[in-house]
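Take a look at the structure below.
Protein chains in written order, with my numbering: chain A, 1 to 204; chain B, 1001 to 1139.
Here you go:
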């Protein structure tokens, strides 16, 4: 009986580590004159876009920080408002924590200009751009970045708003590794995201 | 044994119904208005369950003044969407609203829910015939 209890407790404690998503990349290093094959974790590739204040936001902006990324567009009628509402919870919670950043990539960069993103951000009450960047830029780059985050985003003339995309919030750690996916339209999943973020911040 | 069970089956069924009724009552404080079901499923993701909307992006739907003024236009908005700016509680909202996937009966139900919930002035409950009439006159 005691043995079972100890086993159960041990199982509980080991649950805090978040997985690392993506396929590891094999690399060959030369150590002590001999080639050694190792693997490195999948990481988000470099990116460069503009935020609602026209500032350049790139991989350096998020380097060393835990961040949450999602894909949206301002004229999205269906899931986006709810996603933004949930994202606001994260924004409010980590206002004073400099290790956390939020990034929302627009998948309709043609219509979502910097000015339009600024207006949208203001409507949501986002005063602190440094905490929550809404990005626009080259359309192809954004779509390939969506692939890199392993989420879906595509143009679809039949969809309301003309685009379809996943409602996922992606949690990234300080080494640009994907640590979790959470349905941004589900309050309970975002509750879990907030808990996981606290754990991740403690880890780093 | 089986005979006894069969004898009590109608009673058990009735008790089951009462249990579901009480559960519903406890969960919602009242029997859920069919219009509230429509609201929860079709409207709440943007306008929020409490009807407050989302900051200055999505307008609230819990303002009786606005709802009273534009009551007759609501069937059109829910069918065709809304593409012009509106002012609710002094704030201007200019984002387009795409129409939800609702039919005339659901529109009538949700409007009756709003009428009931916010004590609106429209003298009677509405039905799908009234909704169809309003939709004919949409601009």
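Glycine included, each C-beta is placed from N, C-alpha and C at the ideal position.
Because the structure is a prediction, the values reported are computed rather than measured.
- Message: With a threshold of 8 Å between beta carbons, is residue 109(A) in contact with chain B?
- Response: no
- In angstroms, rounded to a whole number, what distance separates the CA positions of residue 136(A) and residue 17(A)? 33 Å
- Item | Sequence-distant residues of its chain with Cβ nearer than 8 Å to residue 1052(B) (five each side left out) | 1060, 1062
- Enumerate in chain order the residues of its own chain whose CB-to-CB distance from residue 152(A) is below 8 Å, with the five nearest sequence positions on each side excluded. 146, 164, 165, 166
- Query: Going by beta carbon distance, what residues of the same chain come within less than 6 Å of residue 1079(B), once the five residues before and after it are set aside?
  - Reply: 1099, 1135
- If we ignore side chains and look at the alpha-carbon of each, how far apart do residue 125(A) and residue 1138(B) end up? 34 Å
- Task: Would you be able to state if there are at least three C-beta pairs under 8 Å between the segment 1024–1043 of chain B and the segment 1085–1096 of chain B?
- Result: no
- First and last residue of the alpha helix (DSSP H) that includes residue 200(A)? 187–203
- Query: Can you find a CB in chain B that lies within less than 8 Å of the CB of residue 184(A)?
  - Reply: no
- Query: Where does residue 1006(B) fall in DSSP's three states?
  - Reply: helix
- Along the beta strand (DSSP E) that carries residue 119(A), what are the first and last residues, could you check? That residue, residue 119(A), is in no beta strand (DSSP E); its alpha helix (DSSP H) goes 114–123.
- Between residue 139(A) and residue 160(A), is the Cβ-Cβ spacing less than 8 Å? no
- Query: Counting only runs that start and end within the segment 1078–1135 of chain B, where is the alpha helix (DSSP H) found for 4 or more residues in a row?
  - Reply: 1104–1117
- Message: Under DSSP, the alpha helix (DSSP H) around residue 1035(B) begins and ends at which residues?
- Response: 1034–1038
- Do we get a CB-CB distance below 8 Å when we pair residue 1039(B) with the residues of chain A? no
- Query: Quick one: Cα of residue 83(A) to Cα of residue 183(A), how far?
  - Reply: 9 Å
- What is the residue span of the beta strand (DSSP E) that residue 62(A) lies within? First-last for residue 62(A): 59–62, but that is the alpha helix (DSSP H), not the beta strand (DSSP E).
- Item | Interfacial residues, the segment 105–129 of chain A to chain B, with Cβ spacing under 8 Å | 120, 122, 123, 124, 125
- Query: Nearest-angstrom Cα distance between residue 13(A) and residue 1101(B)?
  - Reply: Unreliable positioning characterises residue 13(A) in this predicted model, as indicated by a pLDDT of 47, which lies under 50. The coordinate reading is nonetheless provided below. Rounded to the nearest angstrom, the two C-alpha atoms are 46 Å apart.
- Could you give the distance in angstroms between the alpha-carbon of residue 1104(B) and the alpha-carbon of residue 154(A)? 32 Å
- Query: Taking the continuous alpha helix (DSSP H) assigned at residue 163(A), which residues delimit it?
  - Reply: Note, residue 163(A): premise wrong, no alpha helix (DSSP H); beta strand (DSSP E) at 163–165.
- With a cut-off of 8 Å, does the C-beta of residue 188(A) fall near any C-beta of chain B? no
- Item | C-alpha gap between residue 1118(B) and residue 1064(B), whole angstroms | 6 Å
- Query: In chain order, what residues of the same chain have a beta carbon less than 6 Å from the beta carbon of residue 1083(B), not counting five sequence neighbours either side?
  - Reply: 1096
- Message: Below 7 Å on C-beta distance, what does residue 82(A) contact in chain B?
- Response: 1045, 1046
- Count the other CB atoms within 10 Å of the CB of residue 133(A); is the residue buried (16 or more) or exposed (fewer)? buried
- Output yes or no for whether 8 Å exceeds the beta carbon distance between residue 27(A) and residue 40(A). yes
- Please list the residues of the segment 149–164 of chain A that have a C-beta atom closer than 9 Å to any C-beta atom in chain B, keeping them in chain order. 160, 161
- Query: What is the rounded straight-line gap between the Cα of residue 1126(B) and the Cα of residue 1031(B)?
  - Reply: 20 Å
- Query: chain A partners of residue 1096(B), CB-CB under 9 Å?
  - Reply: 75, 77
- Buried or exposed for residue 128(A), please, with buried defined as at least 16 other CB atoms from any protein chain shown within 10 angstroms of its CB. exposed
- Message: Please report whether the beta-carbon of residue 1025(B) lies at a distance below 8 Å from any beta-carbon of chain A.
- Response: no
- Item | Whole-angstrom C-beta distance between residue 117(A) and residue 52(A), which should lie under 8 Å | 4 Å
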